[in-house]
Each structure stands twice: as structure tokens, then as C-alpha cells.
Amino acid sequence: MTPPSSLQSSLRIASLNLYNFAKPPFSFYHPDEHYSAQQWQEKCLWLSSQLKHVQPAIIGFQEVFSPDELARICQSCGLPFFSTVSNPVLAEDDPFLFIKPVVALASLYPIETITVLKPDTQLLAAFNLPIDFQFNREPIKAKILIPVLGAATFYIVHLKSKRPTSLSSYTDVAFKEQPIASALLNATLGRYHSDMQRSLELALIYQDVIKSQTEGEHCTLIMGDFNDQITSDGLGFIFNQVISDGLAQTPSFGVTDSYQGSEQHRAGTHYYQNQGKVLDYILLSTPLLLPQSPFSVEFNAIDQHILNTSGLEQKLSSDHAFIYIDITKK
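So this is what it looks like as C-alpha cells:
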């Protein structure tokens, strides 16, 4: 496969959830969840082969517990610039148990600036929410100067999952004598909290995108695992742009799903109980996807490793599709 990134008129950008990328002897989430030496080698070989096949110029990763090992693989695959902005978290009572991963960015081109995206405290105050709100997994905000696009701002994200947030610190006290009621509240209100967290995370990212675009950074990309479909009630608000006075005729701000206009059938990027859902996205500055844009955008996904495969097979590869786009000058 000839990499479009080798041409001055085209660029390939990708995103991949690495599904518990933790080098042994470290475990992830549970002490019994880890890779053998052979399994780890197989997982790394799979990733290396995918990167060499797709040859992205820029890629965002999620579920990274071992960034140093990932950086070495990326460098061997032609992506010399690599960065994270935070560190994976280990359990307080187990120095070999990871409980929180990070996101990462690898690039063919130098990373001009990179930082943790912090919540805007003024917006949180306007929402009447605590200003010490934190992302479940801190997003990356980076600027890269690219021959095809010029200066582009990348947001690498991994939004809060649908897994119910534990409310045991509350329910164990308030419903100490009612374990069934406690379990019910943990399942229902815990899920509500996770949904609200995910929605607020995207709102804060979106606010920063618009702010960056007003400062002249119109080439913007949000990429990663959104842990829900962006058409859902909790996330779809970023596309519900209602602007008066005819200003919406020539949109200059906002982002649009890069799949828009693609002729490829949109299959799920993650499967749970044999049901596929699209959870992984690359969103682009809206002007890039307008008919008058000087660029064309083509969306692709590699998903053979998640179709009719076992849990072990996905553990040694990923349980998410490998998505990428080609941006080409018309």
C-alpha cells in the first residue's frame, strides 16, 4: 500500500483503541488480566503489521498503559514523533495493576505543541458545575504543521464509558440495610452519571474547538473512542447548529463526521453481544467537508479482527476497528 502521506497532495490520519495495551508483568483493571510473554509479542506484532499496512502520517491511540513500548513500535513503523500528556494510573495497593490508561499521539511530522486539554472553568461555572471537574481520561490537544493542510489542531479523546460509575460510597451508607436497593441505584444512577460525564466531556472539548477556530485554527480534528454513537442524545448536540440571520449558509466553525459522503458501508467499530455500534470517529472542521472545499475526504475502516472472532483473538489485536481517513487535494 502506497502511503498518501508520502505525497504532497494527500494525507492519511488514523485512530485506534489498542484494547489494554499493557506490557507484562503488568495487569489491567484486575490482577488476573494480563498477557503472557508470547501473547504480548503477538499483540505487538499485530499492531506493527497494521501500522506498516495502513501507513498513517498521524494516528491517535486509546487504552495505552505502556507508552514507551508503543513509542518504540511507532518509531519502527515510520512515526518518529510520539507523545502522551499524562501517565497511566496504578492501583494504590498493587504496583503492577493499571487502573487507568492514557491516550497517545504518533506522527510522521514534528509535533509543534502538545498539552493536556483542561476544562474551561468559566464554562463550568456557567453550567453551575464544580470548577474542579476532571476528564475521566485526559485528552490531548496538539498542533502539527502538515504539508497538505498547514497548521492543524488535533484532539485525541477517549470519552467516559457507559460502565456505571460506582456510587458505593453513598449507597453503602444510605442503603446499608437494603442491598437490593443499593445495587439498583448503582446500576441506574451510576449509568446516569457516566452518561452525563461523557456528554460534559464532549461539551468541554467542543467549546475548546470553537475557541481555537475563532483564533484562526480552522483545520481541526477530534479523533478517538467516543464510547457512544455521536447521533445519540448525549453527544449529538454538537451537530445541532441553529444559527440565525443566514450565517449558517457558509459555516466557518464546528466539526463534521468524516464519514459523511462516504460510499463505504458503515459497519460497527465495536461489537458487544454480537451487536455492532459505531464508537470510533474522526471529526473534521466543517469547511473541509463542504462541496466547495479544496479537499476530498475518504473514510476507511479495518475490522476483520473484530468480526466473528473470539475474545482471545481480540485481546491479541483490538476489540475496535482501525479507522482512518485520506484527505486529498482536489
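Letter by letter, the sequence shown follows residues 11 to 340 of our numbering.
For every residue, glycine included, the Cβ atom is placed at its ideal position computed from N, Cα and C.
The structure presented is a predicted model; accordingly, all values stated were derived computationally and were not measured.
Per-residue DSSP class, three states only, for residue i
i      : result
Phe145 : coil
Thr241 : coil
Val167 : strand
Lys221 : helix
Asp313 : coil
Gln207 : helix
Ser192 : helix
Phe247 : helix
Gly200 : helix
Lys339 : strand
Leu1   : Nothing about residue 1 can be read from this structure; the chain reaches only from 11 to 340.
Tyr334 : strand
Leu322 : helix
Leu177 : coil
Integer Cβ distance of residue i from residue j, believed to fall under 8 Å
i      : j      : result
Ser222 : Thr163 : 5 Å
Leu294 : Ser268 : 5 Å
Thr266 : Leu299 : 5 Å
Tyr119 : Ile156 : 6 Å
Ile69  : Leu89  : 7 Å
Leu195 : Phe185 : 7 Å
Cβ neighbours of residue i in the same chain (closer than 7 Å, five flanking residues each side left out)
i      : result
Lys287 : Gln239, Gly278, His280
Ser306 : Thr338, Lys340
Ile141 : Thr131, Leu134, Ala135
Gln274 : Phe309, Asn310
Asp104 : Pro41
Gln270 : Leu299
Proximal residues to residue i (C-beta, below 8 Å), its chain only, five neighbours per side dropped
i      : result
Leu322 : none
Ile220 : Phe263, Gly264
Ser19  : Val158, Thr338, Lys339
Phe1   : With the chain running from 11 to 340 in the structure shown, residue 1 is simply not present.
Ile83  : Cys54, Leu57, Ser58, Leu61
Gln285 : Gly278
Leu177 : Leu195, Asn196, Leu199, Gly200, His203
Own chain partners of residue i with C-beta closer than 6 Å, once the 5 adjacent residues on each side are dropped
i      : result
Lys62  : Cys87
Ser4   : Here the chain comprises residues numbered 11 to 340, so residue 4 is not present and cannot be evaluated.
Glu79  : Lys33
Lys151 : Thr125, Leu127, Tyr165
Asn81  : The displayed chain sequence assigns Ala, not Asn, to residue 81. The residues are Phe92.
Ile248 : Tyr216
Proximity test, Cβ basis, 8 Å: residue i and chain B
i      : result
Gln283 : In summary, chain B is missing from the structure at hand, where a single protein chain is found.
For the pair the stretch 121-130 and the stretch 90-101, tell me if three or more CB-CB distances fall below 8 Å. The stretch 121-130 and the stretch 90-101 touch, with no fewer than 3 CB-CB distances between them shorter than 8 Å.
For the structure I just gave you, are there three or more beta carbon pairs, one from the stretch 166-174 and one from the stretch 222-239, closer than 8 Å? Taking 8 Å as the limit for Cβ pairs, the verdict is that the stretch 222-239 does touch the stretch 166-174.
Threshold first: 3 residues or longer. Then list the beta strand (DSSP E) segments lying entirely within the stretch 25-81, N to C. With a minimum length of 3 residues, the continuous beta strand (DSSP E) runs that stay inside the stretch 25-81 are 40-44, 68-74.
Check whether the stretch 21-33 and the stretch 323-335 are in contact - that is, three or more C-beta pairs closer than 8 Å. yes
Counting Cβ pairs closer than 8 Å, one from the stretch 131-138 and one from the stretch 106-116, do we hit at least three? No, they do not touch.
Mind pulling the beta strand (DSSP E) runs of 3 or more residues that sit fully within the stretch 276-315? 280-282, 285-287, 290-295, 305-312
In chain order, which continuous runs of the beta strand (DSSP E) of length 3 or greater are located wholly inside the stretch 80-165? 91-93, 99-101, 104-110, 112-117, 121-126, 150-156
Are there three or more Cβ pairs, one per stretch, closer than 8 Å when the stretch 40-59 is compared with the stretch 144-155? no
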